[in-house]
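Working notes, structure below.
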Amino acid sequence: GTKEPDGPDMAQVKAAIDTVMATGKVAVYAVVSVYGAGEGYEISQASGIELIRHGLVSWQKYGGA
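Each number in our numbering corresponds to the 1-based position in the sequence shown with 381 added.
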């Protein structure tokens, strides 16, 4: 699968990442459980890459611990 039926969308996840990164207390950032096989794997991989990219940009913007 590629999306939790009742889960947040990408914009909501990115906003949450920014909220946490803005604290300046982030020492580690990880994206886990990106499933790279089966139906919809392209979407899953693209979403994982987008989350990694956004997290790193946000971390750079706000700084970290």
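Virtual Cβ for every residue (Gly too), placed ideally from N, Cα, C.
Every value quoted in this text rests on a predicted model; they were computed, and no experiment measured them.
For Val412, the closest C-alpha among the options Ser439, Leu432, Met391 and Glu385 is that of Leu432. Burial state of Ile398 is buried, judged by a 10 Å Cβ sphere holding 16 or more other Cβ atoms.
Taking a 10 Å sphere around the C-beta of Ser439, we find 16 or more other C-beta atoms and assign the residue as buried. The residues Ser425, Gln426 and Gly429, in chain order, have a CB closer than 7 Å to that of Val415 in the same chain once the five nearest residues on each side in sequence are set aside.
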